[in-house]
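The block underneath contains the structure these notes are about, expressed in structure tokens.
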Amino acid sequence: MNGNNEEPIPTIPDSDYVASLKPLVDFLGVALGPTVEIVLHDVTTLDASVIAIANGHVSGREIGSPATDLLLRILRSGEAEQRDYITGYTALSSTGTSNLRSSTFFIRREKKIVGALCINADQTLLKSLESLTNRISASYFTTDASQPKDKEDKPEVLSTSIADITSSAIHSALATRSVDVDHYSTEDRLAVVKLLDDDGYFQLKGSVADLASALEISEPSIYRYLRQVRGQN
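Under the working numbering, read the sequence shown as residues 5 to 237, first letter to last.
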């Protein structure tokens with residue numbers, strides 16, 4: 005074969021590229037121990053993005069669980085395009101456990117995010133030790149209760165199903181309004197739709213139908229509100 009007729013190097017689909025990292029998940033799960041969960045996400049299937057997981061008992065998730073709210077927000081806003089990873093943020097398991105410390109590495113092909121490798125460390129034992137230390141410390145040192153506490157970013161929610169993540173997102177959005185749903189004005193509905201859109205909620209299958217049901221309006225109305233908040237005609 006001469007140089008002018010060389011066959012192009014075959015490329016593999018994004019999903020296969022991400023899946024090639026599955027052995028790394030098993031390795032890290034064993035190396036870091038049973039209190040550290042390792043999760044591999046394929047963002048081409050957000051409704052069932054978890055394609056590999058080690059120590060899933062930490063969050064209660066399994067293969068086929070959906071993308072997290074944090075990952076949806078990042079994909080919607082492009083927030084991660086300027087960085088390769090996020091470290092040291094708080095996450096909540098589906099059971100409400102708040103003692104998780106998490107980090108995410110974004111997997112890219114040609115600068116596009118195609119997957120994510122997440123590490124979620126259960127901090128329960130450390131929190132218990134911290135609490136004990138604080139009680140002992142309080143016996144010797146006083147604190148100024150008037151000083152404001154440090155503000156922490158919104159924690160990531162590690163949902164086990166699409167129903168969990170959509171229900172949680174809708175509940176949080178509705179809670180931002182001061183009136184009941186049956187008294188919502190157009191402005192209230194637009195505000196809820198914009199908040200959910202900013203969080204990447206509408207990337208999930210069935211999201212429009214679920215929100216329409218919660219707001220007691222039709223699906224075409226949701227699409228109309230979406231066009232408005234996105235500045236479309």
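Glycine included, C-beta positions come from ideal geometry on N, C-alpha and C.
- With 16 or more other Cβ atoms from the protein chains shown falling within 10 Å of its own Cβ, residue 42 counts as buried.
- When Cβ pairs closer than 8 Å are counted between the two stretches, the segment 182-201 is seen to touch the segment 220-232, the count reaching three or more.
- When secondary structure is reduced to three states using DSSP, residue 56 falls in the strand class.
- With fewer than 16 neighbouring CB atoms inside 10 Å of its own CB, residue 114 falls in the exposed class.
- Assignment of beta strand (DSSP E) within the segment 21-90, counting only whole runs of 3 or more residues, yields 40-46, 54-58 in chain order.
- Residue burial is scored here from C-beta neighbours: residue 16 has fewer than 16 other C-beta atoms within 10 angstroms and is therefore classed as exposed.
- Put simply, the backbone Cα of residue 124 is about 14 Å away from that of residue 75.
- In this structure, DSSP gives residue 205 a helical state, which the three-state scheme calls helix.
- In the three-state DSSP reduction, residue 125 falls in the strand class (E or B).
- Comparing alpha-carbon positions, the option among 181, 95, 69, 121 lying closest to residue 26 turns out to be 121.
- Within the model, the alpha-carbon separation for residue 104 versus residue 97 is close to 8 Å.
- Inclusion of residue 71 and residue 50 in the CB contact set at 9 Å is warranted, their separation being smaller than that value.
- Residue 183 carries a coil assignment under DSSP once its states are collapsed to helix, strand and coil.
- Between the alpha carbons of residue 89 and residue 107 lies a gap of roughly 7 Å.
- With contacts defined as CB atoms closer than 9 Å, residue 68 and residue 47 fail to qualify as a contacting pair.
- In the assembly as shown, residue 34 is an exposed residue. Its beta-carbon has fewer than 16 other beta-carbons within 10 Å.
- In the three-state reduction of the DSSP assignment, residue 112 falls in the strand class, which pools E and B.
- In the DSSP assignment, residue 160 falls within the beta strand (DSSP E) that extends over 160-162.
- When DSSP states are grouped into helix, strand and coil, residue 117 belongs to the strand group.
- From the listed residues 119, 234, 171, the smallest Cα separation to residue 202 is found for 234.
- Per DSSP, residue 220 lies in no alpha helix (DSSP H) segment and is marked neither H nor E.
- About 14 Å separates the CB atoms of residue 94 and residue 62; that is not less than 8 Å, and the two are not in contact.
- Proximity to residue 162 across 188, 45, 30 peaks at 45, based on C-alpha coordinates.
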